[in-house]
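Residue numbers (the numbering used here): 7 to 194.
The C-beta atom is built at its ideal place from N, Cα and C for all residues, glycine as well.
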């Protein structure tokens, strides 16, 4: 049987040996910078940036991150909405699958697109070497409704801002028509 003193020492050691990663929110609309994202932006009042990116019919959302020094990385959360059947989305880092999450199944005839859900941690901690890395969220199967991605919560061992982590050629979205769409009933 453990004494209180032994238990206290164990808890202190557990806290000391647990790695603490610095989290940053990466809005999906901030990495959707090329023509493949046209007609995939949707206004959502409950989204953190009030916009989402639709991933459906074998489409993907990708973000290029650039880090200067080797560090630990974890995809700590993905916030999404959907209205329909559940579906698996694969998450890749540099073309290697690091996780899969399955959206919840709930049908509201298009009224659930503004209700957001958290996946929780999608990957284990991964040691990233310096350089460019591609994070992709892919709906591998054809689905006309898909899921809308609000944001990714990235965690790194070094403290940095989103602007420091995004590769320099990633500009904030300025595509024609961005923000012009509203979709109440979701994709059909």
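Which residues in the same chain have their Cβ closer than 8 Å to the Cβ of residue i, if we skip the five residues on either side of it in sequence?
| i | result |
| --- | --- |
| residue 118 | 87, 88, 89, 112, 192 |
| residue 137 | 72, 73 |
| residue 42 | 65 |
| residue 152 | 60, 61, 62, 63, 65, 88, 93, 145, 193 |
| residue 110 | 88, 92, 123 |
What first and last residue would you give for the beta strand (DSSP E) that runs through residue i?
| i | result |
| --- | --- |
| residue 83 | 77-87 |
| residue 169 | No beta strand (DSSP E) contains residue 169, which is instead part of the alpha helix (DSSP H) from 168-171. |
| residue 58 | 57-61 |
| residue 69 | 66-73 |
| residue 38 | Careful: residue 38 lies outside any beta strand (DSSP E) and carries neither H nor E. |
| residue 144 | 137-144 |
| residue 44 | Taken as a continuous stretch (DSSP letters only), residue 44 belongs to no beta strand (DSSP E), as it is neither H nor E. |
| residue 27 | Run containing residue 27: none; DSSP gives neither H nor E here. |
| residue 154 | 153-162 |
With 16 as the cutoff for other CB atoms within 10 Å, does residue i come out buried or exposed?
| i | result |
| --- | --- |
| residue 147 | exposed |
| residue 26 | exposed |
| residue 80 | buried |
| residue 44 | exposed |
| residue 167 | exposed |
| residue 126 | exposed |
| residue 149 | buried |
| residue 97 | buried |
Ignore the nearest five residues each way along the sequence and tell me which others in residue i's own chain have a CB closer than 7 Å to its CB.
| i | result |
| --- | --- |
| residue 120 | 50, 51, 52, 87 |
| residue 159 | 29, 31, 82, 83 |
| residue 155 | 34, 58, 59, 61, 67, 84, 86, 143 |
| residue 173 | 70, 71, 72, 138 |
| residue 76 | 133, 134, 135, 136 |
Just list the residues that DSSP pairs residue i with in beta bridges.
| i | result |
| --- | --- |
| residue 108 | 94 |
| residue 117 | Per DSSP, none; premise fails for residue 117. |
| residue 102 | 99 |
So, at 6 Å on beta carbons, what are the nonlocal neighbours of residue i in its own chain, with the 5 sequence-adjacent residues on each side left out?
| i | result |
| --- | --- |
| residue 165 | 28 |
| residue 171 | 71 |
Taking 8 Å as the threshold, find out whether the stretch 49-64 comes into contact with the stretch 27-41 through three or more Cβ pairs. At 8 Å Cβ cutoff, the stretches touch.
At a cut of 8 Å, does the stretch 94-112 reach the stretch 124-131 through at least three beta carbon pairs? Yes, since at least three Cβ pairs between the stretch 94-112 and the stretch 124-131 fall closer than 8 Å, the two stretches touch.
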